[in-house]
Amino acid sequence: MEFEIIVEDFEYECRRGWCVLRLLLDPAAVADLAALLGEECGLVAQGAVEEPVEVKVAVEDFDYDCRRGGCLLRMELPEREAELLRSRLASLCL
30 MEFEIIVEDF
40 EYECRRGWCV
50 LRLLLDPAAV
60 ADLAALLGEE
70 CGLVAQGAVE
80 EPVEVKVAVE
90 DFDYDCRRGG
100 CLLRMELPER
110 EAELLRSRLA
120 SLCL
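Under our numbering, think of the first position of the sequence shown as 30, with each following residue one higher.
Printed below as a string of structure tokens:
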């Protein structure tokens, strides 16, 4: 699964062909990412997410472009990681 997202900040560590990204997402980015993954629960509208959220994902490939307003990440996410991320975002809906 390939997609783009804007994050406030991120860190990464790569080993053996995989990179683990630690993303800091503002509430709007959380809602955007949830929608991309098919997990639509009205996170922002419900006020469930008011502070930035940190998530970790393992990706096969990514690139980025950072500016003052944040970083645009383009990444390729394996289906297993997409499911884990979908589950993490769904837990924020509760």
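Even for Gly, the Cβ is constructed at its ideal location relative to N, Cα and C. Everything numeric in this text was worked out from a predicted model, so none of it was measured.
Give me the residue from the options with the minimum Cα distance to residue i.
i    : options                  : result
E31  : R117, M104 and A119      : M104
D55  : R109, A111 and G98       : G98
R109 : C43, P81, V86 and D38    : V86
W47  : I35, F91 and E37         : F91
A60  : L50, V49, E80 and C43    : E80
E33  : R117, S116, Y93 and A111 : Y93
So, are the CB atoms of residue i and residue j less than 9 Å apart?
i    : j    : result
P107 : E83  : no
L53  : L114 : no
L121 : I35  : no
E42  : C100 : no
Where does residue i land, buried or exposed, given buried means 16+ other C-beta within 10 angstroms?
i   : result
V58 : A small fix is needed here, since residue 58 is Ala in this sequence, not Val. So A58 ends up on the buried side.
A63 : buried
Per DSSP, residue i forms a beta bridge with which residues?
i    : result
E112 : DSSP, once it has assigned bridges, lists no residue as partnering E112.
E79  : Answer is none; E79 lacks a bridge partner.
A87  : V49
L102 : I34 and Y93
Task: Length at least 3, wholly inside the segment 33-62: the beta strand (DSSP E) runs in chain order - done: 38-44 and 47-54
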